[in-house]
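Each remark here refers to the structure printed beneath this line.
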Amino acid sequence: MTTMTTDVLGAPVRRVEDPRFITGHGRYLDDIKLPAMTHMAILRSPYAHAKIRSIDTSAAKAAPGVVAVFTGADIAYNPLPMAWPAGGASGIQNNVNTPRALATDDVKWTGEGVAAVVAETAAQAQDALELIDVDWEPLPAVTDAEKAIADGAPQLHENAPNNRVFDWQVGDKEATDAAFANAAVTVHQRLVNHRLIPNPMEVRGDIGWYNPGTDEYTIWMSSQTPHIQRLLLAAFVMGVPEQKIRCISPDVGGAFGSKIFCYADMALVLHASKAIGGRPVKWVEERRESYGSTIHGRDHITYVDVAATKDGMVKGLRVKTLANLGGRLSTIGPGIPTTLYGRILSGPYKIPAVHCEVTGVYTNTTFVDAYRGAGRPEATYVVERAMDLVADELGIDPAEVRRRNFLPPDSFPYDNPSGLLTAVNGSKLYIDSGNYEPAMDKALAMAGYADIAAKKAEAKSRGKLLGVGLSTYIEVCGVAPSKWIGAVGEGWGAAMWESSNIKVHLTGKVVVTMGTQPQGQGHETTYAQIISHELGIPMEDIVVQHSDTQGTPFGYGSYGSRTSNVGTGAALKAAAKIREKARRYAAHMLEANVEDIEVEGAEYRVKGSPDKKKTIQEIAFALDLAFDTPEGMEPYLDETAYHDTPNCTFPFGTHVAFVEIDQETGNVELVRYVAVDDVGKKINPMIVDGQLHGGIAQGIGQALWEEAVYGDDGQLLSGSLLDYALPRAEWLPSFELDETVTPSPVNPLGVKGVGEAGCIASTAAVANAVIDALSPLGIRHLDMPFTAQKVWGAIQAASGGSGSAKGGEA
Amino acid sequence: MIPAAFDYTRATSVEEALGILASDEGAKLIAGGQSLLPLMKLRLAQPARLVDIGRLPELRGVSKLDDGRLSVGALTTYAELMDSPAVHLAVIRDVVPAIADVQVRNRGTIGGAVAHADPAADLPAALLALDAELVIQSSSGTRSVKADGFFQGPFATGLAHDEILAAVILPAPRGDAGSAYASIQQRASGYPIAGVAAVVFVGAGGLVEGAGIGVTGVSDHPYRAHEVEDALVGTTGTADAVAAAAALVVGDREVSADIHAGREYRAAMAVVHARRAIEAALARAR
Ligand SMILES: Cc1cc2nc3c(=O)[nH]c(=O)nc-3n(C[C@H](O)[C@H](O)[C@H](O)COP(=O)(O)OP(=O)(O)OC[C@H]3O[C@@H](n4cnc5c(N)ncnc54)[C@H](O)[C@@H]3O)c2cc1C
């Protein structure tokens, strides 16, 4: 009998979790129903900025089915932690204000929670909410970052004069100024990277349960980071010992970053459960509610200046960004527009001098934090628009400008000038690898870029404006080496390693337990592929577990495309430990020296005597029964490993978007999309394609349709899916994907990660395409999203018409 | 998304439903629930009693009248309409796929769409252009009204509280007719920013002998643009004639504005889509 198993590493294996997801057997937060469970509803501020004079809950308390009503005054917990201030060498001042479980004195945005009702049913909780009477004192509001820092703007927090959270900078100011002083050409542009609402298919929710018998808390949460939440809730919010809290993430139906954070509702359900004597308390946000209870993303206003030579070599990049962080800070809000944005602004280009200033700003809007790509789409948008502006200014083809500025393949590891370097401890991050031109050439060939003039002429004959746009991006994957991200001074005071435990049971079946936390990415498949490859055990004999702080080793969770770089490293190490122990035991069983045992797949053989062999299943069986164990060897194949990646990984690629614009309506149609991505080696190419497809669609959504719109009074006008436009499959062409493969030297398998690449690249590609299409009209820049009305307005204005791009002048 | 409490009666006959409506001020009909339930879940509507007419067979189905016209029962869903002889009217073929998605079209009814009278509902534009008739029943009898004039304001119609819309009468297909619907959708909701339905009758020599133009999304209720019809009739439907007629589609009506489309843009889109709908209708008639 052969024990060889098909090697599944790198194969497009179907996702093992899909049957349960697509047959309705996934178990999401709201599917969980506990005995004696109560339901919580939260009263949210109708004002963007107001003082709370008083709250009368007496009628609500008397309403049918109501178990308890809470206001902020009832809850002694600390405000939520802010774990990643803007940091750097010179010690940046962060003026921190974070939410409380419920707001106490004032509210800073529409949707901030002020009171909570716990009732027997969700309907009763909802009904009672309407009986709570809040005496409000409305205050003037400001929603735009530029207006918020201006003189005379409404002030949100006493400790943040002019609504500034921080002023941060990176790069070499003098060298950048010198580059501009000597520049042959300079271009300048104001860019708005507008606010987005994450909208995962499953909204957030929690169930809190206090066990009076053990004085322990359990919380089920739709979260990307159960381990971190236990730490934050215990140490920072509730003042409860860490071992007294257990966090469980069930199946999570999408997150896009929005479920990384420590939210007020988490503390609230735990407080409530204890206050009512230990009945579980469930809260699930409604879709509209989530627009004020879960973070938003992006929202930058940026002034970019580019200095270049006459032949398009970029010599200096100067960037000033206002990052709107909302009414209070979310868990890592300030880290996103600084570390994950400013430090990678130079992208795949050799730009000798870069300087970036970022000001974090409080406004009367929902708090802002990491949303898929988190800082990197914003950075990519700046540098990719900059490349097109230079090309336009000089009349050089945009692909050629990029080609001239690319880092050559012998640059790596590359120490970029916008400061991946952290000054503390001298710990440095490098761009680990790259080979940008072949990916671009392949994409241009696929796109038929050479014939673009003919394509434009053909579209014109149909009355359409055709535009083509490029985005040659890099992604930073695998956030991150603890030495870098955790270095005191960079801000984030935590480590970022990952963990894995592998048990090979007596029957030869394997349980792999990971500290990472899937939200739909297919971890249960990809880790099983890796472990199957490493141990020679069939995939169907391997189950992958995660998501419960009880029974899984500590892990930092999944975001920042870190699972396949950091998590994989831990799994490989744990597998190596298993293999090593199995090898030692095989030597014992086969009466050979350990050095003489060679391993192939599941087989442990004596060198030179191929018949003398044991399978890992036989070894696991014997080592589990353990009646014949050599001196000093512990029973059982059970190993845990921790992995801290030495560096981030840097996928890259070229995306090419084609749009056609209907001049009469301004409607933009994406007609073709070509992408060549280099994500290194692939664990499962089908899953990689899936991540790319979803990410590309998401980035296109930002460029063309999605936008969180606030009225001047701070009301969210795009307050539901009736007004917030998510991309739909029918609006998208079939994406044409291809690859180049430059294995990462950082990761043992050569993989890099792919979770965010699609949306980092696609927004800029589509934006550049739209502006290219409009360029014959003399239009040089237009801010996203390119809604039909906005494009029509720009066309009207450019052609001397009276059209205005403004909406809602009602 | 939890409605306020309400009572519920499933009507077993039209008479029963009419009786409840006549005696209970707080009663509200529910058919497919596609408009009413979302409003209730947002607590924007809080009817004390729902009268479910969803299973009344006498209100369902499409039948041919003696004069060749089609009687579309109010409970006919969009999906059923597309499976009926009504698809011989090109404007119906155009308009139904522009409405919502498969799930909504499987549940949403024609009667519900008309009675709800959303200012941006697609179907009313087609009914106005087709000069459809509405059959309305109450305890005191049955009456018929033209679609033109029925839509009076946002969510306001000529239906009284104690009346049920029983059927919509569509004209018989004609050999000299052509019709079409053109719209631009608000991307989030899928409702039209401006939608125009056109029906034209073209006689010998290409002369436009009659026209019906229905407009939705543009002002606070769907309307019939008689000005455009008048300008079109008597011409041969040249590009210039069509453009000149289409330019009259808004007239001095108050145009709606929101974050997706300001007045100027919405008005411009009404003109563009009036022209496109008329041109497509003419092409089909010729
Ligand atoms: C996701 C979604 C997307 C949509 N997109 C579009 C779109 O793009 N374009 C568009 O035009 N529409 C759209 N709609 C609306 C849809 O067309 C209507 O909701 C549907 O046709 C209404 O029919 P119903 O049977 O569901 O009505 P109900 O919701 O049951 O009733 C609606 C109203 O009509 C009254 N009513 C119902 N039947 C009668 C009757 N026979 N007599 C008197 N009163 C009656 C009810 O009392 C209620 O006030 C969308 C709806 C949804 C949910």
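Protein chains in written order, with the working numbering: chain V, 1 to 810; chain F, 1001 to 1286.
Beta carbons are placed, not taken as given, at the ideal position from N, Cα and C, and that holds for glycine.
Can you tell me the Cβ-Cβ gap for residue i and residue j, rounded? I've got them flagged as a contact below 8 Å.
{"i": "V:Ala574", "j": "V:Thr640", "result": "6 Å"}
{"i": "V:Asn199", "j": "V:Leu722", "result": "With a Cβ gap of about 13 Å, V:Asn199 and V:Leu722 do not count as contacting."}
{"i": "F:Ala1204", "j": "F:Ala1280", "result": "Incorrect: roughly 21 Å between the Cβ atoms, too far for contact."}
{"i": "V:Tyr559", "j": "V:His227", "result": "No, V:Tyr559 and V:His227 are not in contact; Cβ-Cβ is about 13 Å, not under 8 Å."}
{"i": "V:Val295", "j": "V:Ser258", "result": "With the sequence shown as reference, residue 295 of chain V is identified as Ile, and Val is not the correct amino acid for it. Confirmed, Cβ separation roughly 5 Å."}
{"i": "V:Cys648", "j": "V:Gln698", "result": "Their Cβ separation, rounded to whole angstroms, is 21 Å, which puts V:Cys648 and V:Gln698 out of contact at 8 Å."}
{"i": "V:Val814", "j": "V:Gly312", "result": "Because chain V in this structure spans residues 1 to 810, residue 814 of chain V falls outside the shown range and cannot be described."}
{"i": "V:Ile207", "j": "V:Ile32", "result": "6 Å"}
{"i": "F:Ala1125", "j": "F:Ala1197", "result": "4 Å"}
Looking at the structure shown, is residue i part of a helix, part of a strand, or coil, going by DSSP?
{"i": "V:Asn94", "result": "coil"}
{"i": "V:Trp484", "result": "helix"}
{"i": "F:Met1029", "result": "It should be pointed out that residue 1029 of chain F corresponds to Leu in this sequence rather than to Met. Of the three classes helix, strand and coil, the one that applies to F:Leu1029 here is strand, per DSSP."}
{"i": "V:Gln545", "result": "strand"}
{"i": "V:Ala423", "result": "Bear in mind that a pLDDT of 43 at V:Ala423, under 50, signals an unreliable position, so the number given afterwards is only what the model happens to contain. If DSSP states are grouped into helix, strand and coil, V:Ala423 belongs with coil."}
{"i": "F:Arg1263", "result": "helix"}
{"i": "V:Thr176", "result": "helix"}
{"i": "F:Ile1278", "result": "helix"}
{"i": "F:Gly1019", "result": "helix"}
{"i": "V:Trp497", "result": "coil"}
{"i": "V:Glu809", "result": "Because the pLDDT of V:Glu809 is 37, which lies under 50, any placement of that residue in the model is unreliable, and the question is left without a value."}
{"i": "V:Asp822", "result": "Because residue 822 of chain V is not part of the residues shown, which for chain V are 1 to 810, the question remains open."}
{"i": "V:Asn747", "result": "coil"}
{"i": "V:Gln124", "result": "helix"}
{"i": "V:Ala323", "result": "strand"}
{"i": "V:Leu340", "result": "coil"}
{"i": "V:Met40", "result": "strand"}
{"i": "V:Trp283", "result": "strand"}
{"i": "V:Gln702", "result": "helix"}
Give the DSSP bridge partners of residue i, in chain order.
{"i": "V:Trp220", "result": "V:Ile207, V:Ile248"}
{"i": "F:Leu1182", "result": "Reading off the sequence, residue 1182 of chain F comes out as Ala, not Leu. DSSP output for F:Ala1182 lists F:Val1196 as bridge partner(s)."}
{"i": "V:Cys648", "result": "DSSP lists no partner for V:Cys648."}
{"i": "V:Ile431", "result": "V:Tyr414"}
{"i": "V:Asn193", "result": "V:His300"}
{"i": "V:Leu637", "result": "V:Val504"}
{"i": "F:Thr1009", "result": "F:Val1051"}
{"i": "V:Glu660", "result": "V:Leu466, V:Glu669"}
{"i": "V:Ala307", "result": "V:Thr186, V:Gly316"}
What are the residues of the region 1240-1263 of chain F that lie near chain V, defined by any Cβ-Cβ distance shorter than 7 Å? Ala1257, Asp1258, Ile1259, His1260, Ala1261, Gly1262, Arg1263
At least three beta-carbon pairs within less than 8 Å, the region 1035-1047 of chain F to the region 1057-1065 of chain F: For the pair of segments examined, the region 1035-1047 of chain F was found not to touch the region 1057-1065 of chain F: the number of CB pairs separated by less than 8 Å stays below three.
Practice problem: Give a yes or no on contact between the region 177-190 of chain V and the region 358-373 of chain V, applying the rule of three or more CB pairs nearer than 8 Å. | Solution: no
*Listed from N- to C-terminal order along the chain, which residues in the region 275-290 of chain V have their beta-carbon within a distance smaller than 7 Å of any beta-carbon of chain F?*
Glu286
Give me the subset of the region 709-735 of chain V whose CB atoms are less than 7 Å from a CB atom of chain F, sorted by chain position.
Val709, Leu717, Ser718, Leu721, Leu722, Asp723, Tyr724, Ala725
> Is the region 63-78 of chain V in contact with the region 225-240 of chain V, if contact means three or more CB pairs nearer than 8 Å?
Replying inline: yes
With 9 Å as the C-beta to C-beta threshold (strictly closer), list the residues of the region 1218-1236 of chain F near chain V in chain order. Of all residues in the region 1218-1236 of chain F, none has a Cβ within less than 9 Å of some Cβ in chain V.
Q) Taking any Cβ of chain F, which residues in the region 148-179 of chain V have a Cβ under 7 Å from it, in chain order? A) none
To be precise: take each residue of the region 765-798 of chain V, compare its Cβ to all Cβ atoms of chain F, and keep it if any distance is under 8 Å. Which residues remain? Thr787, Ala788, Gln789, Trp792, Gly793
Exercise. Tell me, please, whether the region 359-370 of chain V touches the region 410-421 of chain V by the rule of three or more beta-carbon pairs shorter than 8 Å.
Key: no
Requested in this report: Evaluate the contact criterion for the region 699-718 of chain V versus the region 266-284 of chain V: three or more CB pairs, one atom per stretch, below 8 Å.
Outcome: Between the region 699-718 of chain V and the region 266-284 of chain V there are fewer than three C-beta pairs closer than 8 Å, too few to call the two in contact.
- [ ] Residues of the region 1012-1033 of chain F with a CB closer than 9 Å to any CB of chain V: list them in chain order, please.
- [x] none
Practice item. Quick one: which residues of the region 296-308 of chain V get their C-beta closer than 9 Å to a C-beta of chain F? List them in chain order. Key: none
- Pair every Cβ in the region 444-461 of chain V with every Cβ in the region 625-644 of chain V, then say whether three or more of these pairs are closer than 8 Å. no
* Could you name the residues of the region 665-687 of chain V whose beta carbon sits closer than 7 Å to any beta carbon of chain F, in the order they occur along the chain? => Thr665, Asn667
- Check whether the region 461-475 of chain V touches the region 653-672 of chain V, counting contact only when three or more Cβ pairs, one atom from each stretch, lie closer than 8 Å. yes
- In chain order, what residues of the region 122-134 of chain V put their CB closer than 9 Å to some CB of chain F? Ala122, Ala123, Ala125, Gln126, Asp127, Glu130
For the region 691-708 of chain V, which residues have a CB atom closer than 7 Å to at least one CB atom of chain F, in sequence order? Those residues of the region 691-708 of chain V placed with their C-beta closer than 7 Å to a C-beta in chain F are Trp705, ordered along the chain.
Pull out every residue of the region 1266-1277 of chain F whose Cβ sits closer than 8 Å to any Cβ of chain V, in chain order.
Ala1268, Met1269, Val1272
*Determine which residues of the region 1169-1197 of chain F have a Cβ less than 7 Å from any Cβ of chain V, and write them out in chain order.*
Ile1184, Arg1187, Ala1188, Ser1189
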